[in-house]
Every structure is written in C-alpha cells, then in structure tokens.
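So the structure is just underneath, and the comments pick up after that.
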Amino acid sequence: MAVAIEKLNRLGLTRDDYKGAHTTLCAGCGHNSITNHIVKALYESGIEPHLLAKMSGIGCSSKAAAYFVEHAHGFNGAHGRMPSLATGAKLANRDLAVFGVSGDGDTASIGLGQYCHMIRRNVDMTYVIEDNGVYGLTKGQFSATADLGSRPKRGPANLYEQIDVCALGIELGASFVARSFSGDGKQLVPLLQAAFAHRGTAVLDVISPCVTFNDHEGSTKSYAYVKDHDAPVNTPDYIAPQEEITVDYEPGTAQDVELHDGSHIVLRKIGPDHDARDPIAAMRILFEARHSREIVTGLLYVNPESDDLCTRESLPARPLAQLPVEELRPSREQWDALMAGLA
Amino acid sequence: MTGDVLNDFCIQAATVNGSGSQSSNLVITKALFHMGIPVAAKNVFPSNIEGQPTWYDIRVTPQGYQARKRTVDILIAMSPATWERDAANVRPGGAVIHEAALPRFGAADRDDVSWYPVPFARLAREKLEAKPDLRKYLQNMIYVGVLAELIGLDPVAVEQGVRDQFRTKPKAADLNLAAVQIGVDYTRDNLVKTDPFRLAPMDGTRGTVLLDGNRAAALGSLMAGCTVLAWYPITPSSSLCEAFIGYAERYRVDAATGERRFAAIQAEDELAAIGIVLGAQWAGARAMTATSGPGISLMAELTGLGYYAEIPAVIFDIQRVGPSTGLPTRTMQGDLSFVHTLSHGDTRHPVLLPGTVIEVYEDAQLAFDVADRLQTPVFVLSDLDLGMNLWMTAPLPYTERAVDRGKVLDAEALEQVAEWGRYRDVDGDGIPYRTLPGTANPRAAYFTRGSGHDEHALYTEDPDVYQANVERLRRKIEGARTLLPAPLIEEAGNRVAICAYGSTHHAVVEARHQLAEHGVETDYLRIRGLPLHPAVAEFITRHDRVYVAEQNRDGQMEALLRQELPGELADRLRSVRHFNGVPIDAEAISDPVLAGELAQREPADQQTVETDRVPVG
Numbered sequence: 000m001a002v003a004i005e006k007l008n009r010l011g012l013t014r015d016d017y018k019g020a021h022t023t024l025c026a027g028c029g030h031n032s033i034t035n036h037i038v039k040a041l042y043e044s045g046i047e048p049h050l051l052a053k054m055s056g057i058g059c060s061s062k063a064a065a066y067f068v069e070h071a072h073g074f075n076g077a078h079g080r081m082p083s084l085a086t087g088a089k090l091a092n093r094d095l096a097v098f099g100v101s102g103d104g105d106t107a108s109i110g111l112g113q114y115c116h117m118i119r120r121n122v123d124m125t126y127v128i129e130d131n132g133v134y135g136l137t138k139g140q141f142s143a144t145a146d147l148g149s150r151p152k153r154g155p156a157n158l159y160e161q162i163d164v165c166a167l168g169i170e171l172g173a174s175f176v177a178r179s180f181s182g183d184g185k186q187l188v189p190l191l192q193a194a195f196a197h198r199g200t201a202v203l204d205v206i207s208p209c210v211t212f213n214d215h216e217g218s219t220k221s222y223a224y225v226k227d228h229d230a231p232v233n234t235p236d237y238i239a240p241q242e243e244i245t246v247d248y249e250p251g252t253a254q255d256v257e258l259h260d261g262s263h264i265v266l267r268k269i270g271p272d273h274d275a276r277d278p279i280a281a282m283r284i285l286f287e288a289r290h291s292r293e294i295v296t297g298l299l300y301v302n303p304e305s306d307d308l309c310t311r312e313s314l315p316a317r318p319l320a321q322l323p324v325e326e327l328r329p330s331r332e333q334w335d336a337l338m339a340g341l342a
Numbered sequence: 000m001t002g003d004v005l006n007d008f009c010i011q012a013a014t015v016n017g018s019g020s021q022s023s024n025l026v027i028t029k030a031l032f033h034m035g036i037p038v039a040a041k042n043v044f045p046s047n048i049e050g051q052p053t054w055y056d057i058r059v060t061p062q063g064y065q066a067r068k069r070t071v072d073i074l075i076a077m078s079p080a081t082w083e084r085d086a087a088n089v090r091p092g093g094a095v096i097h098e099a100a101l102p103r104f105g106a107a108d109r110d111d112v113s114w115y116p117v118p119f120a121r122l123a124r125e126k127l128e129a130k131p132d133l134r135k136y137l138q139n140m141i142y143v144g145v146l147a148e149l150i151g152l153d154p155v156a157v158e159q160g161v162r163d164q165f166r167t168k169p170k171a172a173d174l175n176l177a178a179v180q181i182g183v184d185y186t187r188d189n190l191v192k193t194d195p196f197r198l199a200p201m202d203g204t205r206g207t208v209l210l211d212g213n214r215a216a217a218l219g220s221l222m223a224g225c226t227v228l229a230w231y232p233i234t235p236s237s238s239l240c241e242a243f244i245g246y247a248e249r250y251r252v253d254a255a256t257g258e259r260r261f262a263a264i265q266a267e268d269e270l271a272a273i274g275i276v277l278g279a280q281w282a283g284a285r286a287m288t289a290t291s292g293p294g295i296s297l298m299a300e301l302t303g304l305g306y307y308a309e310i311p312a313v314i315f316d317i318q319r320v321g322p323s324t325g326l327p328t329r330t331m332q333g334d335l336s337f338v339h340t341l342s343h344g345d346t347r348h349p350v351l352l353p354g355t356v357i358e359v360y361e362d363a364q365l366a367f368d369v370a371d372r373l374q375t376p377v378f379v380l381s382d383l384d385l386g387m388n389l390w391m392t393a394p395l396p397y398t399e400r401a402v403d404r405g406k407v408l409d410a411e412a413l414e415q416v417a418e419w420g421r422y423r424d425v426d427g428d429g430i431p432y433r434t435l436p437g438t439a440n441p442r443a444a445y446f447t448r449g450s451g452h453d454e455h456a457l458y459t460e461d462p463d464v465y466q467a468n469v470e471r472l473r474r475k476i477e478g479a480r481t482l483l484p485a486p487l488i489e490e491a492g493n494r495v496a497i498c499a500y501g502s503t504h505h506a507v508v509e510a511r512h513q514l515a516e517h518g519v520e521t522d523y524l525r526i527r528g529l530p531l532h533p534a535v536a537e538f539i540t541r542h543d544r545v546y547v548a549e550q551n552r553d554g555q556m557e558a559l560l561r562q563e564l565p566g567e568l569a570d571r572l573r574s575v576r577h578f579n580g581v582p583i584d585a586e587a588i589s590d591p592v593l594a595g596e597l598a599q600r601e602p603a604d605q606q607t608v609e610t611d612r613v614p615v616g
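Quick mapping for you: the protein sequence lines, in order, are chains V and S. Under numbering that gives the first Met the number 0, the first residue of the first sequence is numbered 0, with each subsequent residue one higher. Under numbering that gives the first Met the number 0, the first residue of the second sequence is numbered 0, with each subsequent residue one higher.
Encoded structure:
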C-alpha cells in the first residue's frame with residue numbers, strides 16, 4: 000500500500016497546517032484563489048503560525064483572514080480601520096508577522112486615510128488588497144478603485160476617476176508595491192514571499208474579479224477583461240535566505256533585489272524595461288497603463304533600505320508587550336527628585 | 000483701611016496672550032506658594048496663539064480653597080481690548096494696577112477702587128537693556144514687581160519663583176529679575192498704597208507641591224507600565240500626551256543604546272489613535288490615548304469594537320466645552336453620559352471620575368488594571384480645569400504595587416485548561432480568559448471580531464448565542480461597580496446633602512462652609528466612578544434632599560442617577576448646574592442650595608435666614 004508522503008516546510012509543517020476555516024464566499028470568487036496562494040506562500044516561507052497576526056477590516060475580502068492559518072491569531076476589525084489596529088499590534092509585539100487582508104472599499108474608500116498613514120510610517124507588514132472594484136456584501140456598489148467608465152451590472156457607468164492604490168502608495172513613500180491578479184499564482188506566490196521578507200509595509204494590490212457583481216461585459220475588473228489586459232512588467236522568483244540562485248538569467252533580463260533578511264527577489268523582465276528600484280519609473284508605467292487601460296502587474300517598486308516603524312521608533316528587540324513593569328518605572332530616587340522639583 | 004485684608008483675595012491678570020504673561024503669572028503663583036500661602040491658579044485663556052485677551056486668576060485663602068472665586072479684588076490690566084470690562088468687574092474697594100496709557104473713562108472711570116497707573120511700556124523701553132522683541136515679554140514681568148511691592152510678596156520668594164520658571168536659562172532669569180526690580184522701584188517711588196490687601200507668610204503649603212492633572216495622568220500611566228501612547232493633538236489633552244513623552248524620554252531611554260521602552264505615535268486622527276491603542280492592547284501591551292470631546296466623538300466606533308471584542312483600552316477624556324468645536328479652551332463636565340455608553344448598540348463603559356490631582360494619578364493606574372481585569376475600554380474623565388491648571392497637592396506617592404493584567408492564559412497555562420473558549424464565562428463573573436498573539440501553543444489562537452461570535456469566537460448570528468453573550472457583557476461591566484473607587488462620603492446625620500464628582504469637588508468644599516454659615520448643614524457624597532457604586536443609592540436613602548452639582552447644562556449625572564434609582568429616591572434629587580465654561584465657583588452651588596432650602600422652610604423661618612444671594616444657573 001502506497002503511503003502518501005506529505006511535504007514538510009522548514010518548520011516541519013504541512014501545507015494543510017496553513018489552512019483555515021472553510022470559505023463562505025461565492026463559488027468562483029477571486030478571493031478564494033488568493034487565499035490558496037496565501038496558504039502556499041506562508042507554507043513555502045515557513046512562517047510560524049503562532050507568530051502570525053492576521054488583520055483585516057470589513058468586507059468580503061476581510062472575511063478571508065479566517066480562511067487561512069487556523070492556528071494564528073486573527074482580528075477582523077472595523078471597516079477601514081485595520082491599518083491602525085495592525086500598527087498597534089506591531090508596536091506592542093514586533094516579533095509578530097503582521098499580515099493584513101483588505102479590499103478596495105476597505106482601503107481606498109472608507110480606509111484611505113489609514114492606508115496612507117500606514118505607508119507613511121512604513122509599518123512592517125504585508126498588506127494585501129483583494130481588489131474587485133465593488134462592494135460585494137452590500138450587493139454591487141462601486142468602490143473607489145473602479146475605473147472611470149466601467150459598467151455595473153445594472154445602471155449607469157462609473158462617473159468618477161479611480162484611485163490607484165499602487166501609484167498612491169509610491170507617492171506616499173511606500174517601500175514595496177506590487178500588483179497582481181488572483182488567477183496568477185506563479186506571479187503572486189513569490190511576490191507574497193518577498194513581501195513577508197521585506198521589512199516595511201509591503202502593498203500587494205491583487206485584482207480579484209467578483210463573479211457575482213462585477214464579472215460582466217463592460218466591467219474593467221471581470222476575469223475576461225483582466226486576462227486580456229494583464230500587462231506584466233516582470234515575473235518574480237523568490238529565493239529564500241541561504242538558498243542558492245540556481246537559475247541562469249540572461250544578462251540584462253533580470254533584476255536581483257536583496258531583501259532585508261538576506262533573501263532575494265529576482266525579477267525576470269517582460270515587455271518594456273522596468274527598474275523596480277526607481278519610483279519615478281514605477282509611477283510612469285502606472286500612469287501610462289491608466290491611459291492605455293491596461294493592468295500592469297509584477298513588483299513595481301521596492302526599497303529594501305527604508306527603515307520600518309519599529310526601527311524609527313528605536314524600539315528594543317524585546318517586544319514592548321513583554322517588558323516587565325519594573326523596567327518601565329523610574330527608580331524611587333528619580334521619583335523623589337521629580338517630586339522635589341515640583342515644590 | 001490699608002492692610003486689613005490678609006492672605007484672602009483674588010488677583011486677576013488681564014493680559015494679551017502670546018506676550019509672556021503666563022511666565023509672570025506663574026512666578027506670582029510660585030512666590031505665593033513659597034511664602035506658605037495656599038494658592039489656587041486658574042488660567043482662562045483664548046483658543047488663539049497670540050494677540051487675544053487672556054485672564055489668569057490667582058487666589059489666596061488661609062483655608063486653602065482651590066475653587067475659582069467670582070469676584071476680582073486686584074486687577075492687573077494690560078489688555079486694551081477688555082480694559083473697560085475688566086475694570087468694571089473689580090469689586091468695590093478693590094485695586095487696579097494698569098498700564099498708565101489705558102484711558103480712564105466709561106466703565107473704567109469709578110472712584111470706589113484704588114488706581115495704580117504704571118507706565119509699563121515706557122519703563123520697559125527706558126530701563127531694560129533688551130532687544131525690542133524681548134521687551135514685550137519683560138514688560139509683563141514688571142507687574143510682578145509692582146504687585147510684590149504693593150501687597151508684600153516676599154522678594155526672596157519672588158526670586159525663587161523666577162529661578163524656578165527659568166531653571167534652564169540663568170541669563171533669562173537675571174533679565175526677568177531686573178524687570179521685577181523696575182516694578183518694585185517704580186512703586187516705591189511713585190505709588191501710594193490705598194487698598195486693603197496684604198500678604199503675610201504662612202505655613203499653609205508645607206508638604207505639598209504644585210501640579211496639574213495632566214502631568215499626574217501622564218505619571219500614573221508611566222507607573223502603570225503603559226508602553227504605547229497614540230494620540231491626536233487637541234486642547235486640553237495635548238499636555239497630557241506631551242508630558243508622558245517627556246517623562247518616558249527621561250526614564251525609559253537606554254542611555255547606551257538609545258533604545259526606547261515606549262512608543263508614542265501621533266496619529267492622523269482619533270480614529271487611528273484608538274485603533275492603535277486597541278491593536279497594541281490586543282497584542283498585550285498597555286496602551287492609552289488622551290483626547291477631548293471632538294476626539295471622543297471619533298472614537299465612538301472603535302470603542303464599541305473594544306467593548307464587544309473585549310479588548311482593554313485606557314482613554315483619558317480631558318473635557319472641554321461642547322458641542323462641536325465648542326469653546327476649546329474652556330472647561331465643562333459635558334461628556335459624562337456620552338462616554339459611559341459610547342458607540343452604537345448596547346454598550347456600557349467603566350468611567351473613573353477623579354476630583355483631585357492625586358486621584359488623577361491613582362485613577363490613571365487603576366484604569367489600566369480595570370481595563371485588563373474586565374477586558375474592556377475604560378475612561379478617565381478629567382477636564383480642562385483639573386487637567387491644565389496648577390493645583391496644590393500632596394506629592395504623588397511612588398508606586399511599588401504589582402499590576403493586575405487580568406485573566407491571560409500563556410502557553411503553559413493553556414496546557415492546564417481542558418477546554419478553552421475565548422468568550423466562555425468560566426468563573427461566573429462574565430469575564431472570559433484571553434490569550435495574546437504570539438503565544439506558542441496551537442490552542443492559543445482565536446479569531447477576534449466585531450461581528451457576532453460564540454464562546455469560541457466563531458462567527459454566529461444565532462439569536463440565543465447573541466443574547467447570552469451580550470447578557471454576559473452586561474454582567475461583566477456590573478462588576479465594575481465595586482472595582483472602581485467607592486464614593487467619598489462626609490456624613491453627620493444631616494437631611495440635606497450635596498452630590499458632586501470631578502473638579503466640581505473644590506467648589507463644593509467651599510460652598511458647604513458658606514451654607515453652614517447660613518445655618519444649612521450638609522452631608523457630602525462624591526461619586527468616583529460609573530457604573531455607580533452601591534453606596535451611592537444607600538447614601539441617598541439616608542437623605543431627604545440631595546443637590547447634584549455639576550458643570551453641564553443638562554444635569555447629566557443627575558439624569559443617570561434618576562435612571563438608576565427607584566422613583567422614590569429619584570424624587571429626592573435636585574439639580575445644580577453651572578455651564579458657562581469658566582471653572583465653577585462656590586456660590587454657583589451655595590446660592591441655589593440656599594434658595595432651595597429656604598423654599599422648604601416655613602415662611603416665619605425664612606425671615607430669619609439672611610441672604611443677599613440670587614440663584615445662578
């Protein structure tokens with residue numbers, strides 16, 4: 000009798016160990032594909048489940064935080080407020096691997112302010128936007144990432160400009176900005192792994208068609224549209240720390256970026272030459288894509304040298320949450336001197 | 000008449016803000032304190048940085064009364080814009096020290112006060128060797144000298160006050176002392192004292208310090224082991240956060256490595272400030288925020304999340320005048336009922352009600368323990384008067400007591416538990432056990448959510464489960480009644496009592512003395528927290544009439560009491576309200592209480608009680 004041998008990751012865990020509750024989203028929802036890619040990436044990278052903090056806001060996308068890594072703490076917070084909750088969690092315990100799952104309404108509409116300030120502070124976390132351009136739970140209203148002129152299932156076309164969360168992120172000083180597609184695991188999994196390795200806010204805007212409310216003719220976020228208009232600028236390979244780069248890349252065809260933990264992301268170039276270390280170049284391709292109505296995907300911009308929030312705040316290596324109160328109080332002598340100075 | 004009012008009067012400095020007068024006023028306050036004379040200082044300032052009228056009331060009393068006094072005995076008039084009104088406010092027999100250039104006509108033309116014109120601007124110009132921009136500030140230091148000479152401020156105490164004020168700048172101290180001397184000399188050479196006010200050293204400040212409530216709150220948070228502060232600047236709470244940062248930088252930075260054992264994040268708004276606090280508390284750090292009314296409004300959303308998902312948080316509300324932007328630099332107790340049930344749905348939050356600086360310090364520490372014990376947001380309600388003004392207080396005692404982190408299961412403790420559910424009521428007190436992210440035990444994980452959840456934190460819309468859960472939450476918060484400080488009761492078998500909370504306390508102390516002088520003896524109940532301690536209802540049961548004094552328009556505490564007490568007890572309540580934005584004074588309480596008590600008496604008795612007072616809203 001053949002025995003199925005389960006593959007184990009560096010922690011000795013199986014891929015199943017990274018699974019969560021059963022999804023309650025619609026069959027065919029792009030978010031479910033993303034969940035599978037997240038499970039694979041966490042497994043491949045060997046993230047400690049108990050050190051993972053799964054943060055989300057409100058919406059279909061935010062439900063997904065329950066659908067992976069059952070043995071990790073999760074926090075399904077309030078609509079648009081996940082960045083602040085995640086910021087607090089990271090400040091309290093910098094050992095946590097903070098993983099945020101948000102949506103386009105949660106990030107670009109109600110939560111735009113918090114999104115901006117999370118990036119400004121460069122909170123060390125992975126921030127995935129499962130972006131379908133509509134509100135699913137309230138049945139199909141446009142969000143702020145819907146393209147101008149995109150058609151809803153019923154009613155008039157969208158009258159307003161879209162907010163490009165990637166371009167906005169770069170403008171705000173983001174240190175890691177990528178765009179991908181829920182159907183492209185080959186691209187998304189290494190991007191996620193690089194995001195885990197990156198120290199700072201890693202934004203991944205993942206276009207994720209809504210099969211129920213935004214997958215029709217005339218929508219610019221339908222499966223068909225995204226497949227037709229996906230314009231990858233690079234294909235990433237993630238190489239873990241201490242792992243050797245075994246693939247031969249033709250000179251000039253790949254960009255190798257070393258991340259904070261010694262891992263590498265090698266970007267195989269596709270189409271026009273793009274330097275992922277150049278924010279102006281990233282802004283240019285995003286701006287051009289907006290006008291050509293294409294969706295540029297891949298790692299658009301990365302700056303591994305940017306200090307994250309805990310570094311900027313000079314926090315000790317030991318998490319604040321674990322400091323005993325004796326180390327947090329002034330001494331009695333200091334106290335007496337303080338009081339004497341008030342008399 | 001000269002010199003027959005000793006150590007018992009109120010000085011008002013009416014100046015222009017941004018002109019350095021705050022330093023002058025603090026020097027006077029500290030000099031009085033150093034002379035051993037009990038002093039109370041109230042800064043009544045504008046929401047403005049420079050050029051607007053501002054008032055600073057310095058009151059001395061042998062009894063050590065800390066409340067504001069309504070009447071002005073000595074006016075220092077430096078503000079042209081309010082000069083006439085300020086001069087008209089001085090009580091007959093009072094004194095006015097004023098810039099000589101201010102014209103004496105209209106309301107400023109009266110002959111029942113002593114006038115002391117001083118050419119401050121000219122003296123500064125002619126006698127001070129300083130740059131013109133500095134002269135503006137030093138001009139105000141001259142009035143310290145004039146006042147000192149007129150009422151007998153001890154020069155040694157004044158010098159001590161100046162040295163205190165400019166501790167880090169000895170050169171500035173010398174320059175200011177020179178300005179003070181100009182005032183002294185001018186007064187000696189040119190003015191003849193005709194007013195009755197004078198000072199004599201006392202022994203009334205020994206063993207006390209001068210401190211504001213916001214610094215006490217910061218120190219309490221420091222001692223409680225708060226490591227994360229998230230805040231958005233707003234008057235009158237900013238100084239609390241800045242004080243915390245200042246103390247943390249002094250006591251929590253590793254000299255060798257520069258590592259900081261705290262994080263202070265100035266958030267983009269109060270939505271994020273409370274979000275950071277909840278996130279940090281969820282992950283196990285003690286975290287707090289401080290704000291005022293407009294910030295509280297923004298925090299309503301996530302406070303409800305904290306309540307329902309059962310996450311500790313400490314929120315200081317340094318109340319100012321609302322609604323809306325209101326009067327940002329004036330004081331009020333207007334947030335009481337709002338914070339108690341902040342957020343939508345059925346909520347109830349423990350609220351601590353400190354009335355003194357030392358209580359602010361103690362409550363700050365207690366708030367963290369109660370938040371951890373009950374796993375819920377806890378409010379500390381202070382106000383601008385208590386938070387920003389200087390108060391005489393006993394020195395804050397050093398804390399050595401252990402902190403109560405409540406029911407937290409670590410990896411090891413989880414091994415001992417057969418069945419663990421994040422929201423299971425194991426002990427019958429409604430308080431479940433929690434785990435922190437990062438706990439190295441596969442059973443530790445749970446999914447926190449603001450949506451419906453069962454005992455195992457799993458999503459549910461089940462009617463019975465929902466109802467049982469919020470019923471448990473109600474029981475849990477009921478426990479706060481005895482976790483929060485019991486009310487402070489002064490009782491001598493009187494039928495009439497006064498009830499107050501927070502900074503209103505100091506006016507009550509004085510009002511009770513005034514009432515006693517008019518033959519109305521009162522008992523006193525000071526509420527220290529919400530939900531109400533059982534002793535509150537018991538106290539009311541023992542009295543016929545209880546006057547609830549507070550600083551808001553709608554009698555919010557009185558309404559809360561009525562809601563909770565049986566009708567028979569509720570009928571015993573009388574509401575006394577003061578809500579004009581300046582700190583409450585004793586007459587605002589004693590006048591209406593006296594009127595109320597007179598109305599109770601037989602007509603024959605009424606004639607025997609003398610009063611020249613009118614009730615004031």
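Ideal Cβ positions, reconstructed from N, Cα and C, are used throughout, including at glycine.
Alpha-carbon to alpha-carbon, residue 63/S and residue 213/S: Their Cα atoms are separated by approximately 21 Å.
Within the same chain, show all residues whose beta-carbon is closer than 7 Å to that of residue 198/V, passing over the 5 residues directly before and after it, in chain order. 123, 259, 307
Using a 10 Å radius around the Cβ and a threshold of 16 neighbouring Cβ atoms, would you call residue 613/S buried or exposed? Reliability fails at residue 613/S, whose pLDDT of 43 lies under 50, so the model's placement of it is uncertain and the value that follows must be treated cautiously. Flag for residue 613/S reads exposed.
Starting from residue 55/S, follow the beta strand (DSSP E) in both directions and report where the run begins and ends. 52 to 59
Would residue 222/S count as contacting chain V if we go by Cβ distances under 8 Å? yes
Looking at residue 586/S and residue 69/S, is the spacing between their C-beta atoms short of 8 Å? Going by C-beta atoms, residue 69/S is nearer than 8 Å to residue 586/S.
With DSSP as the reference, label residue 234/V as helix, strand or coil. Secondary structure at residue 234/V: strand, using DSSP grouped into helix, strand and coil.
Is the beta carbon of residue 156/S closer than 8 Å to that of residue 141/S? no
Using the DSSP secondary-structure output, state which residues sit across from residue 217/S in a beta bridge. The partner list for residue 217/S (beta bridge, DSSP) is empty, contrary to what the question assumes.
What separation, rounded to the nearest whole angstrom, lies between the Cα atoms of residue 299/V and residue 463/S? 50 Å
Does any residue of chain S have a CB that is nearer than 8 Å to the CB of residue 194/V? No Cβ of chain S is located within less than 8 Å of the beta carbon of residue 194/V.
Give me the Cβ distance between residue 30/V and residue 129/V, rounded to the nearest whole Å; I'm assuming they're in contact under 8 Å. 5 Å
Taking all protein chains shown into account, decide if residue 23/S is buried (16 or more other Cβ within 10 angstroms of its Cβ) or exposed. buried
Going by DSSP, which residues form a beta bridge with residue 290/S? 316/S
Would residue 380/S and residue 408/S qualify as a contact pair, given that the criterion is a beta-carbon distance under 8 Å? Judged by their CB atoms, residue 380/S and residue 408/S are not nearer to each other than the 8 Å cut-off.
If we cut at 8 Å on Cβ distances, does residue 284/S have a partner in chain V? Output row for residue 284/S: interface = yes.
When the cut-off is 8 Å and only beta carbons count, does residue 197/V lie next to chain S? no
I'd like the list of long-range same chain contacts for residue 273/V, defined as Cβ closer than 7 Å, with 5 residues on each side in sequence excluded. 232, 233, 280, 284
Chain-ordered chain V contacts of residue 423/S [CB-CB under 7 Å]: Ordered by position in chain V, no residue passes the 7 Å Cβ test against residue 423/S, which lies about 17 Å from the chain.
Report back the beta-carbon spacing between residue 515/S and residue 588/S to the nearest angstrom; my notes put them in contact at under 8 Å. Wrong, their Cβ atoms sit about 13 Å apart, outside the cutoff.
Among 31/S, 410/S, 15/S, 467/S, which residue has its Cα nearest to the Cα of residue 150/S? Of the listed residues, the one whose Cα sits closest to residue 150/S is 31/S.
Could you have a look at residue 192/S and say whether DSSP puts it in helix, strand or coil? coil
Between the beta-carbon of residue 77/S and the beta-carbon of residue 49/S, is there less than 8 Å? no
Quick check: what's the CA-CA separation for residue 605/S versus residue 187/S? Low local confidence applies: a pLDDT of 49 at residue 605/S is under 50, so the model's placement there is unreliable, with the coordinate-based value given in what follows. Answer to the nearest angstrom: the Cα atoms are 51 Å apart.
So which of 277/S, 169/S, 562/S has the shortest CA-CA distance to residue 225/S? Checked all of 277/S, 169/S, 562/S; the closest Cα to residue 225/S is 277/S.
Comparing C-alpha positions only, which one of 116/S, 410/S, 60/S, 242/S sits nearest to residue 200/S? Nearest C-alpha to residue 200/S among 116/S, 410/S, 60/S, 242/S: 60/S.
Per DSSP, residue 300/V is paired with what? 176/V
contact_flag[the region 393 to 405 of chain S, the region 204 to 223 of chain S] where n(CB pairs < 8 Å) is 3 or more: yes
Kindly list, in the order they appear in chain S, the residues whose Cβ is closer than 7 Å to that of residue 329/V. In chain order: 250.
Using the beta-carbon count (16 or more within 10 Å), is residue 415/S buried or exposed? exposed
Of all the options 186/V, 295/V, 310/V, which has the alpha carbon lying nearest to the alpha carbon of residue 227/V? Ranked by how close their Cα comes to the Cα of residue 227/V, the residues 186/V, 295/V, 310/V have 295/V in first place.
So residue 324/V contacts chain S; which residues on that side make the cut at Cβ distance below 7 Å? 224, 402
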